[in-house]
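In full-length UniProt numbering, the protein residues as written are 1 to 457.
Where a beta carbon is used, it is the ideal one built from N, C-alpha and C, also for glycine.
Quantities reported herein were computed from a predicted structural model and do not represent experimental measurements.
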């Protein structure tokens, strides 16, 4: 892998959907860099520090959230002189997002008073009263024709269906939740999944006309749903719960066909490969070097150099387990990270009670495929959008990758660069790696059909 030099950032960074540009926030400036040359192709100055950025789907526009103001500014890459500023006045702005047509911006006011759809074509706006959430609770169909918006009034949750062409309300129906958490259209746009707050285990599948197709409740007592994700093919729905289990439902009968437990000790019989991160001191052959006494006396480094690699472990193996305190809210337990591979064959999970272990499940064979055991808690994990390849980071200077052929570690050559977050380019050719105040990119080689990686690359 080849790495670029480090560039400054003070906030969000992200690739454009067409994979040609990188948007970087540096205080109040928005820099647009070319993905190949990394030259600055556009530079926009906002009125305050940038808190959030989001590309339009056509990669022609980009919005910046200045939540301290609060205000939204939008820019055009093809017409740099074009500007747009959205200010809700006393209502404020809690969040902003693009519509699928890249010509409307949806903003949610503070205290969820209203959601407003702003047109960039004719400056018209449409209001939806009482949205349930600020940054959540809005989902678009894959074809971009409809939007489902969670609302709440008179202590009851509702779903509003809007046309993304006229922005007229096509239908409103109540849902059977106490406190709806989130909403997602299925990838084939045939169903809508919603789930309740952690206090009530409830996953509901609705048709677009408001019929409840299925109600799923794994158990009654205890904290409930923590994460939900559709598979890219639309045939499976994964539900991660606070009871440290992953359950997978099928889209035909909505019944559970797989339940995967995350145990702190894995015992035989287990066919999964367990990769553990280990550090080894670099062995340098200095027998032929001639160094004087002064140099040797001043060469006491604060720490040695280490080589990081994966070691394949035998079962049984026990993972570090953190029991959350019973007197604090939002306990760190349950399936907090959940992500499908692009071909829907694998799903990776992290049980927050064991934050250093990443579990990879094979949905085709309904078995555990691999476990990656890291030295530090896993910060982020993301699947290659093109190939079956998983990349994760832990806040160290290394990248960790897994494919069905094995797992391997990649060292970042940049000094003092700790990888705290990562994002894939849409074509799978490049990774964006973030440190606290800088970022870099790594060119990722295409994955061959059958590859054998050694664990200490």
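query, result
"Taking the alpha carbon of residue 432 as the point to measure from, which residue in 34, 28, 29 and 126 has its own alpha carbon closest?", "34"
"Of all the options 127, 102, 183 and 240, which has the alpha carbon lying nearest to the alpha carbon of residue 135?", "183"
"Please name the residue, chosen from 237, 259 and 263, that lies closest to residue 251 on a Cα-to-Cα basis.", "237"
"For the beta strand (DSSP E) containing residue 423, name the first residue and the last one.", "421-424"
"Mapping DSSP to helix, strand and coil, what is residue 297?", "Annotation note: pLDDT 42 at residue 297 (below 50); position unreliable, coordinate value reported separately. DSSP places residue 297 in helix when its eight states are reduced to three."
"Does the region 334-343 come close enough to the region 433-444 that 3 or more CB-CB pairs lie under 8 Å?", "no"
"Going straight from the alpha carbon of residue 20 to that of residue 60, what length do you get?", "11 Å"
"Just reading off the beta strand (DSSP E) that residue 120 is part of, what are its end residues?", "That residue, residue 120, is in no beta strand (DSSP E); it is neither H nor E in DSSP."
"For residue 299, count the other beta carbons within 10 Å of its own beta carbon; 16 or more makes it buried, fewer makes it exposed. Which is it?", "Low local confidence applies: a pLDDT of 36 at residue 299 is under 50, so the model's placement there is unreliable, with the coordinate-based value given in what follows. Residue 299 should be labelled exposed."
"Between the alpha carbons of residue 214 and residue 318, how many angstroms are there, rounded?", "38 Å"
"Taking only the alpha-carbon atoms, compute the straight-line gap between residue 366 and residue 261 and give it to the nearest angstrom.", "12 Å"
"Is residue 90 helix, strand or coil when you go by DSSP?", "helix"
"What do you get for residue 444, buried or exposed, if any count of 16 or more other CB atoms within 10 angstroms of its CB means buried?", "buried"
"Which of the three DSSP states is assigned to residue 112 in this structure?", "helix"
"Please go through the same chain and pick out, in chain order, the residues whose beta-carbon is closer than 8 Å to the beta-carbon of residue 395, but skip the five residues on each side of it.", "376, 377, 379, 418, 419 and 420"
"Under the rule that 16 or more other beta-carbon atoms within 10 Å means buried, what is residue 127, buried or exposed?", "exposed"
"By the DSSP assignment, the beta strand (DSSP E) with residue 311 in it spans what residues?", "306-313"
"For residue 157, count neighbouring C-beta atoms within 10 Å of its own C-beta (all shown protein chains included) and say buried if the count is 16 or more, exposed if not.", "buried"
"Using the Cα positions of residue 4 and residue 327, report the straight-line distance between them to the nearest angstrom.", "46 Å"
"Does residue 209 pass the burial test, meaning 16 or more other C-beta atoms within 10 Å, or should it be called exposed?", "exposed"
"Determine the contact status of residue 83 and residue 96, defining contact as a CB-CB distance below 9 Å.", "no"
"Closer than 8 Å by C-beta to residue 354: which residues in its own chain qualify, once you throw out the five before and the five after it? Chain order, please.", "262, 264, 319, 320, 321 and 322"
"So within the region 40-91, which uninterrupted beta strand (DSSP E) runs reach at least 3 residues, ignoring any that extend past its ends?", "40-45, 52-55, 61-66, 71-76 and 83-86"
"What is the DSSP secondary structure of residue 303, reduced to helix, strand or coil?", "Unreliable placement is indicated for residue 303, whose pLDDT of 42 sits below 50; the coordinate value is still reported in the next sentence. Residue 303 falls in the coil class under three-state DSSP."
"Please state the DSSP three-state secondary structure of residue 367.", "strand"
"Evaluate residue 89 with the Cβ neighbour count: other Cβ atoms within 10 Å of its Cβ, from every protein chain shown; 16 or more gives buried, anything less gives exposed.", "exposed"
"Rounded to whole angstroms, what's the CA-CA distance from residue 362 to residue 177? Just pull it up for me.", "32 Å"
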